[in-house]
Amino acid sequence: MADNVFDIELHDVETVEVDDSDDAIEIEEDAYDQNPNINEIVNSDGVETVQLTEQTVNPGQEKTGPQDFELRKVLGKGGYGKVFQVKKITGNDADTVFAMKVLRKASIVRNQKDTAHTKAERNILEEVKHPFIVDLKYAFQTGGKLYLILEYLSGGELFMHLEREGIFLEDTACFYLSEIILALEHLHGQGIIYRDLKPENILLDAQGHVKLTDFGLCKEHIKEGVLTHTFCGTIEYMAPEILTRHGHGKEVDWWSLGALMYDMLTGAPPFTAENRKKTIEKILKGKLNLPPYLTADARDLVRKLLKRQVTARLGAAPDDANAVKAHQFFRHINWDDVLSRKLDPPFKPCLTSDDDVSQFDTKFTKQTPVDSPDESTLSESANMIFQGFTYIAPSVLEDIYKPSIMKARSPRKVGTPFRHHFGAASTSSRMFSLDPHVSGFQTPHHFGNGAGVPSGATHTHSHSTHIFYSVGNNTNNIRVGFHHQPVPQQTQQPEEAMDVSNSTGGTSLV
Numbered sequence: 010m011a012d013n014v015f016d017i018e019l020h021d022v023e024t025v026e027v028d029d030s031d032d033a034i035e036i037e038e039d040a041y042d043q044n045p046n047i048n049e050i051v052n053s054d055g056v057e058t059v060q061l062t063e064q065t066v067n068p069g070q071e072k073t074g075p076q077d078f079e080l081r082k083v084l085g086k087g088g089y090g091k092v093f094q095v096k097k098i099t100g101n102d103a104d105t106v107f108a109m110k111v112l113r114k115a116s117i118v119r120n121q122k123d124t125a126h127t128k129a130e131r132n133i134l135e136e137v138k139h140p141f142i143v144d145l146k147y148a149f150q151t152g153g154k155l156y157l158i159l160e161y162l163s164g165g166e167l168f169m170h171l172e173r174e175g176i177f178l179e180d181t182a183c184f185y186l187s188e189i190i191l192a193l194e195h196l197h198g199q200g201i202i203y204r205d206l207k208p209e210n211i212l213l214d215a216q217g218h219v220k221l222t223d224f225g226l227c228k229e230h231i232k233e234g235v236l237t238h239t240f241c242g243t244i245e246y247m248a249p250e251i252l253t254r255h256g257h258g259k260e261v262d263w264w265s266l267g268a269l270m271y272d273m274l275t276g277a278p279p280f281t282a283e284n285r286k287k288t289i290e291k292i293l294k295g296k297l298n299l300p301p302y303l304t305a306d307a308r309d310l311v312r313k314l315l316k317r318q319v320t321a322r323l324g325a326a327p328d329d330a331n332a333v334k335a336h337q338f339f340r341h342i343n344w345d346d347v348l349s350r351k352l353d354p355p356f357k358p359c360l361t362s363d364d365d366v367s368q369f370d371t372k373f374t375k376q377t378p379v380d381s382p383d384e385s386t387l388s389e390s391a392n393m394i395f396q397g398f399t400y401i402a403p404s405v406l407e408d409i410y411k412p413s414i415m416k417a418r419s420p421r422k423v424g425t426p427f428r429h430h431f432g433a434a435s436t437s438s439r440m441f442s443l444d445p446h447v448s449g450f451q452t453p454h455h456f457g458n459g460a461g462v463p464s465g466a467t468h469t470h471s472h473s474t475h476i477f478y479s480v481g482n483n484t485n486n487i488r489v490g491f492h493h494q495p496v497p498q499q500t501q502q503p504e505e506a507m508d509v510s511n512s513t514g515g516t517s518l519v
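Counted from 1, the sequence shown has number 200 at position 191 by my numbering; the numbering is strictly sequential.
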């Protein structure tokens, strides 16, 4: 990955964080001159084969820009800009629906850490391609703005579906966890720690499959046995070793997976309190309470993922994801089928079209989409920060290079070569939500053991603090996401206390 590419990830809430790289797609200035056949016109029966021209790549334009997209709906907005649903109106992918984030450069460059997060996420999204990780298509910029084009995920946020259901059946949780595990396994294999796994960062596509999003808190280039000390994440899902600042590795993602699983099956994260300090104290020293309706396998998996002693935690190096995948809770899972997306999702979004926005908050979708004029421009030195920001996905390039057949005309001048990179922006502040009164999902048959849940169980999330299709304003040097308000706990049987970290220094971090 190029050294100077960028990725966007911005948070509007307190999500905590402090603190690259993929081969960029480049077309050199003289690439066409080096290939004498690039402009070759093949006349047969009055037609010509045009391999690459200004018109076939971007008709009437030298490169992809805002003018190539039609604004359709507002999906969210925040301190840094807006997020739109857009439709491409030029090129081979014309009529394709995307999500477009529009970010103001001047807001980003004020905070060095925001710039760093932009770079980290931008690089990761270019480098990482996986069925369960959001796909990045384009990025481009103007004098004062950054434009980020991502696949449009019309299924909405897992958080909202969890709120609707209250809690998930074990087979439903098993489906989502299995796809998330493969996404984490892929990231870890690339030397990346995710560090912000939570329901808000998991979107669903139109078929109901998982897409992991929001890579601004990731740590890249982590080798086996190497620890990092960044204090980041969302409090309720943060591993104890992050809170104590003793250094952490990939194992923090398996703790977060355990917290997420607990959330799915009980309606709230395992450790919550009325404020951050007490929540941190519970994470470091509290007892784990597991409701009696959980199966033995589910209880065992949660316990093993939520081990405070890192070396005892399921998924600890060197086994990583293999140890988690081998647990009895996933005994009915064929992992090759999961990767191939052959399993039927437990919830399939009820959508009427490719541009359906029924899963997003009408507070935004009813607004008139307007991209404000690009009035501010940065100095030349400030703009150097965004050098190499532009991006075009390899899949898009493949479409560009497909020969186009059209009526014979005189040879066309080859357009100015361009180099594109692209990334994603997000915020830890909820910018939109699902209308709980809208019927958005149908429930097909479940797979697995169909473990039961108590009657009348309700999900106890009171609000969300993060959403992928939203752009927020982060003015802090660190991000601490306090995800939930105090929630009523169901009557649960106390478990034996887990391994307790010797340090209680986490409470001083708030």
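Note that the Cβ used here is the ideal one computed from N, Cα and C, for glycine as well. This one's a predicted model, so the numbers in the text were calculated from it and none came from an experiment.
- The beta carbons of D180 and E160 sit no closer together than 8 Å.
- The three-state secondary structure of Y302, taken from DSSP, is coil.
- As DSSP reads the structure, I211 sits in a beta bridge with L221.
- According to the DSSP secondary-structure assignment, T237 is paired through a beta bridge with H257.
- DSSP lists V111 and F149 as the beta-bridge partner residues of Y156.
- When beta bridges are read from the DSSP output, L80 appears opposite V95.
- For T253, the closest C-alpha among the options I133, F240 and K128 is that of F240.
- Remark: fewer than three beta-carbon pairs, one from each stretch, lie closer than 8 Å, so the segment 109 to 119 and the segment 133 to 143 are not flagged as touching.
- The continuous stretches of alpha helix (DSSP H) do not include K351, and DSSP gives it neither H nor E.
- For I176, the three-state secondary structure derived from DSSP is coil.
- With fewer than 16 other beta carbons inside 10 angstroms of its own, Q76 counts as exposed.
- Here G198 is exposed. Its C-beta has fewer than 16 other C-beta atoms within 10 Å.
- In the three-state scheme derived from DSSP, where H, G and I count as helix and E and B as strand, I201 is classed as coil.
- Put simply, of A108, P278, K72 and S362 the residue whose alpha carbon is nearest the alpha carbon of P378 is A108.
- Going by DSSP, V333 is part of the alpha helix (DSSP H) stretching over A330 to K334.
- Membership of Q121 in the alpha helix (DSSP H) is indicated by the continuous run Q121 to E136.
- Check the Cα spacing between F93 and each of T105, L80, G153 and D102: the tightest is with L80.
- In this structure, R308 lies away from L314, with their beta-carbon atoms at least 8 Å apart.
- Around the beta carbon of L196, 16 or more other beta carbons sit within 10 angstroms, so the residue counts as buried.
- By the neighbour-count criterion, in which a residue is buried when 16 or more other Cβ atoms sit within 10 angstroms of its Cβ, L236 is exposed.
- Inter-residue distance for F356 and L387 is about 46 Å (C-alpha atoms, whole angstroms).
- A residue is called buried once 16 or more other Cβ atoms fall within 10 Å of its Cβ, and T73 is buried on that count.
- Distance from the CA of D104 to the CA of S404, rounded to the nearest whole angstrom, comes to 16 Å.
- Taking a contact to require three or more Cβ pairs closer than 8 Å, the segment 215 to 235 and the segment 122 to 133 qualify as touching.
- DSSP, reduced to helix, strand and coil, places Y400 within a strand of the structure shown.
- Taking C-beta atoms under 8 Å as the contact rule, G165 and L206 fail to qualify, at a distance of about 18 Å.
- Within 10 angstroms of the beta-carbon of A391 lie fewer than 16 other beta-carbons, which makes it exposed.
- With distances taken between CA atoms, R113 lies nearest to G153 out of D102, G153 and K97.
- Cβ neighbours of E194 within its own chain (closer than 6 Å, five residues either side excluded): A330.
- Of the candidates F398, F373 and F395, the residue whose Cα lies closest to the Cα of V83 is F373.
- In the structure shown, E188 adopts helical secondary structure according to DSSP, grouped into three states.
- A residue is called buried once 16 or more other Cβ atoms fall within 10 Å of its Cβ, and K91 is buried on that count.
- Note on P279: 16 or more other CB atoms within 10 angstroms of its CB, so buried under the neighbour-count rule.
- In the structure shown, the three-state DSSP call for V379 is coil.
- Counting other Cβ atoms within 10 Å of its Cβ, E283 stays below 16 and is therefore classed as exposed.
- Under the three-state reduction of DSSP, G276 is assigned to coil, being neither helix nor strand.
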